[in-house]
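Protein chains in written order, with my numbering: chain A, 6 to 220; chain B, 6 to 220.
Protein chains: 2
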Amino acid sequence: MLVLALDVTDRKRANEIAEITSKYISAIKVNYPLVLSAGIQIIEELSELKPVIADFKISDIPYTSSLIAEIAFDSGADGIIVHGFAGSDTVSAVKKVAERHDGEVYVVTELSSEGGTEFMAKHSDEIVEMAKRIGVHGIIAPATRAERVRELREKAGRLKLLCPGIITQGGSIDEIMKAGADGIIVGRAIYSSPSPEKEAEKISRLVQGCLKKYK
Amino acid sequence: MLVLALDVTDRKRANEIAEITSKYISAIKVNYPLVLSAGIQIIEELSELKPVIADFKISDIPYTSSLIAEIAFDSGADGIIVHGFAGSDTVSAVKKVAERHDGEVYVVTELSSEGGTEFMAKHSDEIVEMAKRIGVHGIIAPATRAERVRELREKAGRLKLLCPGIITQGGSIDEIMKAGADGIIVGRAIYSSPSPEKEAEKISRLVQGCLKKYK
Chain A
6 MLVLALDVTD RKRANEIAEI TSKYISAIKV NYPLVLSAGI QIIEELSELK PVIADFKISD
66 IPYTSSLIAE IAFDSGADGI IVHGFAGSDT VSAVKKVAER HDGEVYVVTE LSSEGGTEFM
126 AKHSDEIVEM AKRIGVHGII APATRAERVR ELREKAGRLK LLCPGIITQG GSIDEIMKAG
186 ADGIIVGRAI YSSPSPEKEA EKISRLVQGC LKKYK
Chain B
6 MLVLALDVTD RKRANEIAEI TSKYISAIKV NYPLVLSAGI QIIEELSELK PVIADFKISD
66 IPYTSSLIAE IAFDSGADGI IVHGFAGSDT VSAVKKVAER HDGEVYVVTE LSSEGGTEFM
126 AKHSDEIVEM AKRIGVHGII APATRAERVR ELREKAGRLK LLCPGIITQG GSIDEIMKAG
186 ADGIIVGRAI YSSPSPEKEA EKISRLVQGC LKKYK
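As structure tokens, then:
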């Protein structure tokens, strides 16, 4: 599964890239830079092409986290991303909202950036346990640290495991899929390419090849 | 210092409450529920009344975190809130953007919710050290745990310390100000009151009284 991280900030360009790559991707991940620039309506627009995962990295108290999740699902999102480090009450609150909307919840274990090793990596095993206990749909693990993906995959049981941090941040597709990822999240390598369509096609083929080899 | 947490989702109501309470508050804190519902322009509108702190609890990789901070300051925010838990590279990236805009950065140490004790509280001392090292403006500490406010205050040196979690979540103004807070962040107790104006006035007077008593 290839998820497009649509981190452009222009509404028109976002729709264009989503459209020309839609044949090759399974879902579109939107983050705050796009949603704040283009308005929350962008989720509805994009969801006509592909399921949209709202990467809002929710990390607030349960009350506020529920409100944020509610807005995302009301706006047409199919899935939402919440930070495990915010605690189990926050993850449960988001899960509850997602259930009402028949939506999916993904829990961040540790960020793919260097800072993800400072505090989060020390708890990501516990965060996976919590995610399983609460019964979310999947976890987000760092493509920049294949050994962590392997370890988290082992602990994650039947949870889906998606990895951002591929290519631009240094993660290798083959290595990450071999480590057990169910899918990768790719942004800049696609939308900053001279031909987002061709790049999406190429990466999608690589992912399919890996799924055959390793799954 | 009394900060109004303006967590309503209706643009008109947000402006009304901000206006009638503006005499009694030092700043307005906006969070995603309002900004996603009313649009990012709400920051500009409110900033005509009072300085606005964008409580975006930024917790992404540095690249994305910078983009989010940039949008907040470009939209008229005076300050921004970032999660210490995201790591020092993220906090530094947000600080860099804030500096260009002459803006303030507040770092969350631990959430005021129960979940804040699961992972964050184990690192909030380190997070304060990091916040000092990076040279941000202040930290956010939980009014629901006065003993932690006291400990974090001691470590925080000259950083401002603001506390959410007052009244509705159970924190006591007197106890928290005595523990060393420079200000409190109050939302529901004001905006859900039959008279937000009177409630803001009352709380503001209590905070002023505490500042005289304890500072």
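In this text, a Cβ means the ideal position worked out from N, Cα and C, and glycines have one as well.
Taking the CB atoms as reference points, tell me whether residue i and residue j lie closer together than 8 Å.
i              : j              : result
V112 (chain A) : G84 (chain A)  : no
S129 (chain B) : T149 (chain B) : no
R158 (chain B) : G185 (chain B) : yes
A205 (chain B) : Y29 (chain B)  : yes
K34 (chain B)  : L9 (chain B)   : yes
S42 (chain A)  : I76 (chain B)  : yes
K183 (chain A) : Y219 (chain A) : yes
Y196 (chain B) : I22 (chain B)  : yes
G162 (chain B) : K137 (chain B) : yes
G192 (chain A) : L166 (chain A) : no
Tell me which residue opens and which closes the beta strand (DSSP E) that residue i is part of.
i              : result
P201 (chain B) : Premise fails: P201 (chain B) lies in the alpha helix (DSSP H), P201 to Y219, not in any beta strand (DSSP E).
A10 (chain B)  : L7 to A10
P169 (chain B) : K165 to P169
V87 (chain A)  : G84 to H88
I144 (chain B) : G143 to I145
I189 (chain A) : G188 to V191
Y68 (chain A)  : Not the beta strand (DSSP E): Y68 (chain A) falls in the alpha helix (DSSP H), residues P67 to D79.
E109 (chain A) : E109 to V113
Determine the closest residue to residue i out of the options, with distance taken between C-alpha atoms.
i              : options                           : result
G214 (chain A) : A:I195, A:V141, A:G188 and A:E202 : A:G188
A98 (chain A)  : B:S70, B:D107, B:E119 and B:G162  : B:E119
L164 (chain A) : A:V191, A:D65, A:D179 and A:E134  : A:E134
L211 (chain B) : B:I22, B:I178 and B:V154          : B:I178
L54 (chain B)  : B:L41, B:S31 and B:S42            : B:S31
T26 (chain A)  : A:L11, A:H88 and A:K160           : A:L11
G175 (chain A) : A:S117, A:V102 and A:A126         : A:S117
S93 (chain B)  : B:R16, B:E131, B:I73 and B:I47    : B:E131
I45 (chain B)  : B:I195, B:I73 and B:R18           : B:I73
A126 (chain A) : A:G108, A:I208, A:A146 and A:A136 : A:A146
A194 (chain A) : A:K207, A:T173 and A:E202         : A:T173
A19 (chain A)  : A:F124, A:K207 and A:P201         : A:P201
G108 (chain B) : B:T95, B:K207, B:A59 and B:Y68    : B:A59
Quick check on the DSSP output: the alpha helix (DSSP H) that includes residue i runs from which residue to which?
i              : result
A136 (chain A) : S129 to I139
A32 (chain B)  : Not the alpha helix (DSSP H): A32 (chain B) falls in the beta strand (DSSP E), residues A32 to N36.
K55 (chain A)  : Careful: K55 (chain A) lies outside any alpha helix (DSSP H) and carries neither H nor E.
E104 (chain A) : S93 to R105
I181 (chain B) : I178 to K183
I172 (chain B) : Counting along the chain, I172 (chain B) falls outside any alpha helix (DSSP H), and DSSP gives it neither H nor E.
V154 (chain A) : A151 to K160
E119 (chain A) : It is not in any alpha helix (DSSP H) - E119 (chain A) carries neither H nor E in the DSSP assignment.
A26 (chain B)  : Looking at the sequence itself, residue 26 (chain B) is Thr, so the reference to Ala does not match. T26 (chain B) -> alpha helix (DSSP H) spans R16 to T26.
If residue i and residue j are in contact, beta carbons under 8 Å, what's the gap, nearest whole angstrom?
i              : j             : result
H106 (chain A) : F78 (chain A) : 4 Å
V13 (chain B)  : L51 (chain B) : About 12 Å separates the two Cβ atoms, so there is no contact after all.
A91 (chain A)  : I63 (chain A) : 7 Å
V57 (chain A)  : I66 (chain A) : About 25 Å; that fails the 8 Å criterion.
Keeping to the same chain, check which residues put their C-beta closer than 8 Å to that of residue i; ignore five residues upstream and five downstream.
i              : result
K100 (chain A) : V110, I139, G140 and V141
I181 (chain A) : A148, A151, V154, C168, I171 and I189
F209 (chain A) : The amino acid at residue 209 (chain A) is misidentified as Phe; the sequence shows Ser. Here the set comprises L7, Y29 and I30.
V96 (chain B)  : V87, G89, V110, V112, M135, A136, I139 and V141
Y68 (chain B)  : A98
E24 (chain B)  : L54
E156 (chain B) : D130
Starting from the C-beta of residue i, find all residues in its chain whose C-beta is less than 6 Å away, skip the five residues before and the five after it, and write them out in chain order.
i              : result
S71 (chain A)  : A98 and V102
H88 (chain A)  : K62, S64 and V113
S198 (chain A) : E204
E104 (chain B) : none
So, for residue i: in the same chain, excluding its five sequence neighbours on each side, which residues have a beta-carbon less than 7 Å away from its beta-carbon?
i              : result
R16 (chain A)  : A43 and I47
F124 (chain B) : none
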